[in-house]
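Chemist: Below is the structure I would like to discuss, written out as structure tokens.
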Amino acid sequence: MPEFTVRPAREEDLLPLARLFATVAEERDGIASEPPIDVEARAASWRLEGTLVAVAGDEPIGSVHVEVSRFGFGDLGMAVAREWRGRGVGSELVQAAIAWARGQGLHKLSLQVFPHNEAAIALYRKFGFVEEGRLVKQYRRSSGELWDSVQMGLLL
Ligand SMILES: CC(C)(COP(=O)(O)OP(=O)(O)OC[C@H]1O[C@@H](n2cnc3c(N)ncnc32)[C@H](O)[C@@H]1OP(=O)(O)O)[C@@H](O)C(=O)NCCC(=O)NCCS
């Protein structure tokens with residue numbers, strides 16, 4: 032039995048996924064969003080289309096979302112619960128997102144990642160994403176710091 036499985040997200044996943052997102056935002060490190068996160072509003076605005084969830088038992092432990100643009104590419108965002116990191120969940124999610132995007136006929140996946148996020152950059156490189164550029168002082172953090180981000184892309 033695998034420890035976890037990846038499947039398309041369902042309506043009932045949205046609140047737990049929004050809670051997970053809020054917990055990851057509290058780290059103020061990997062994802063752009065920072066607290067406070069309005070969990071209910073986040074769940075209500077989350078699009079099921081393009082969202083894949085990793086579940087252990089009934090519990091969502093990670094997710095990836097591909098936001099499809101009008102121009103044939105998709106923007107990827109993801110997070111895995113801290114206690115599940117380093118166990119292959121991110122890899123399964125990225126693999127599933129690539130397969131989903133190909134199935135939709137997209138020609139490219141794009142994403143932004145903070146330069147210090149070594150785990151995420153290693154994960155994306157592993158699946159063939161390449162660095163396409165750096166956005167300088169793009170993100171103003173609640174601390175007042177201005178963080179660069181690295182633009183990465185994968186041609187499908
Ligand atoms: C980035 C993230 C999604 C990775 O998920 P994960 O489940 O830990 O990923 P995996 O266990 O599949 O590891 C994938 C690869 O990342 C690399 N990696 C994992 N943890 C690492 C670490 N701490 N440092 C460096 N590389 C690491 C390895 O190359 C690994 O591949 P391998 O096991 O085949 O060697 C997860 O750390 C996370 O959710 N972080 C917080 C939110 C975030 O940063 N989201 C991405 C925003 S762009």
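In terms of our numbering, the sequence shown is numbered consecutively and its last residue is 187.
By construction, the Cβ of each residue, glycine as well, lies at the ideal position given by its N, Cα and C atoms.
Nothing here was measured: the structure is a model prediction, and the numbers come from that model.
Check the C-beta distance from residue 115 over to residue 93 and give it rounded, since I have them as a contact under 8 Å.
Modeler: The Cβ separation is near 6 Å, so the contact holds.
Chemist: Classify residue 182 as helix, strand or coil using the three-state DSSP reduction.
Modeler: Here residue 182 sits in strand by DSSP.
Chemist: Measuring alpha carbon to alpha carbon, tell me which of 82, 34, 35, 38 ends up nearest residue 49.
Modeler: Of the listed residues, the one whose Cα sits closest to residue 49 is 82.
Chemist: Looking only at DSSP bridge pairs, what is residue 87 linked to?
Modeler: DSSP lists 90 as partners of residue 87.
Chemist: Tell me whether residue 69, by its Cβ, gets closer than 8 Å to a heavy atom of ligand 1.
Modeler: Not under cutoff, so the answer is no.
Chemist: DSSP state of residue 163, grouped into three classes?
Modeler: Three-state result, residue 163: strand.
Chemist: Looking only at its chain, what residues have a beta carbon closer than 8 Å to the beta carbon of residue 100, apart from the 5 residues adjacent to it on each side?
Modeler: Correct list, in chain order: 106.
Chemist: Based on the DSSP output, what are the partners of residue 104 in its beta bridges?
Modeler: In DSSP, residue 104 forms a bridge with 139.
Chemist: Thinking just about the alpha-carbon of each residue, which of 170, 103, 169 is nearest to the one in residue 132?
Modeler: Residue 132 has its Cα closest to that of 103, out of 170, 103, 169.
Chemist: Residues in the same chain with beta-carbon distance under 6 Å from residue 168, minus the five sequence neighbours each way, listed in chain order, please.
Modeler: Closer than 6 Å at the Cβ level, and outside the excluded window around residue 168, lie 177.
Chemist: Taking the straight line between their C-alpha atoms, what separation do you get for residue 160 and residue 140?
Modeler: About 8 Å.
Chemist: Span of the beta strand (DSSP E) holding residue 38?
Modeler: First-last of the beta strand (DSSP E) with residue 38: 36-39.
Chemist: Suppose contacts are defined by Cβ-Cβ distances below 9 Å. Is residue 85 in contact with residue 46 by that definition?
Modeler: Not in contact: residue 85 and residue 46 (Cβ atoms no closer than 9 Å).
Chemist: Is residue 185 closer than 9 Å to residue 155 when the C-beta atoms are compared?
Modeler: The answer is yes: Cβ separation under 9 Å.
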